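The numbering of the sequence shown is my numbering, which starts it at 1 and goes up by one.
We put the beta carbon where it would ideally sit given N, CA and C, even for glycine.
As the structure is a prediction and not an experimental result, all values here were calculated from the model.
What follows is a short report on a single structure.
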Amino acid sequence: PYDMAALEEFEPVIRRIYDYAAAAGLPLDTLIHESGTAQLEINLLHGDALPLADQVLLFKRFTRQAAQQCGMHATFMAKPIAAQAGSSMHLHMSVVDEASNALFAGADDADTGMFGHFIGGLQKYIPEIMPLFAPNVNSFRRIRPNHSAPANIE
Numbered sequence: 001p002y003d004m005a006a007l008e009e010f011e012p013v014i015r016r017i018y019d020y021a022a023a024a025g026l027p028l029d030t031l032i033h034e035s036g037t038a039q040l041e042i043n044l045l046h047g048d049a050l051p052l053a054d055q056v057l058l059f060k061r062f063t064r065q066a067a068q069q070c071g072m073h074a075t076f077m078a079k080p081i082a083a084q085a086g087s088s089m090h091l092h093m094s095v096v097d098e099a100s101n102a103l104f105a106g107a108d109d110a111d112t113g114m115f116g117h118f119i120g121g122l123q124k125y126i127p128e129i130m131p132l133f134a135p136n137v138n139s140f141r142r143i144r145p146n147h148s149a150p151a152n153i154e
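See below:
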């Protein structure tokens, strides 16, 4: 896992993905080999939620096309192979004020009280919004202890 040499095997499809992204005006941030077999992590740049949602859909579409053109299959299923690491998508959230100051980091990068309330709110409301995060049966194959997923939700 996390082997740079493993990326050489996927160079043709990676090149096509980057070419399609450039043609679509979609800047890609990072690409690494992840822990699962043939598993790549490709990061989009951070930004506002609605435009990013559109970018994610566009990215998935041209990634599938690039893979198909290289004789491969791209999937975004949460757990496509039972004995392998989970896949799909995760989100990083940044909450800032009008001046772009981070609201969760205080002096000396200590967590603010607002951060604690945010985490508490997530714990309280995640069960109600799970259909958005895990919209199908396959999504729940990954939500288990020791599978890099939030298994402690009620």
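- [ ] Could you spell out the range, first to last residue, of the beta strand (DSSP E) harbouring T30?
- [x] In this chain, the beta strand (DSSP E) harbouring T30 covers 28-33.
Open item on the list: Which residue wins for smallest C-alpha separation from T37, given the options K79, P145, R61?
Closed with: Comparing Cα-Cα distances from T37 to each of K79, P145, R61, the minimum goes to K79.
- [ ] Inspect the beta-carbon positions of I42 and L52 and report whether they are closer than 8 Å.
- [x] Not closer than 8 Å, so no.
Task: As assigned by DSSP and simplified to three states, the class of I129 - done: If DSSP states are grouped into helix, strand and coil, I129 belongs with the helices.
Task: Residues that DSSP places opposite A102 in a beta bridge - done: Answer is V96, bridged to A102.
Task: Backbone CA spacing between A82 and A22 [nearest angstrom] - done: Going by the C-alpha atoms only, they are around 34 Å apart.
- [ ] Rounded to whole angstroms, what's the CA-CA distance from H92 to Q69? Just pull it up for me.
- [x] When rounded, the distance between both Cα atoms is 31 Å.
Task: Residue closest to L45, alpha-carbon to alpha-carbon, out of F104, G25, S35 - done: Ranking F104, G25, S35 by CA distance to the CA of L45 puts G25 first.
- [ ] Give a yes or no on contact between the region 112-130 and the region 58-76, applying the rule of three or more CB pairs nearer than 8 Å.
- [x] No: fewer than three Cβ pairs fall under 8 Å.
Task: Helix, strand or coil at L52 according to DSSP, with G and I counted as helix - done: Assignment of L52 by DSSP, reduced to helix, strand and coil, places it in the helix class.
Task: Same chain, Cβ closer than 7 Å to F140, five either side skipped, listed in chain order - done: Sequence-distant partners of F140 (beyond 5 residues in either direction) whose C-beta falls short of 7 Å from its own C-beta, in its chain, are A134.
Open item on the list: Run through the DSSP bridge pairs and tell me what L40 is partnered with.
Closed with: DSSP output for L40 lists H33 as bridge partner(s).
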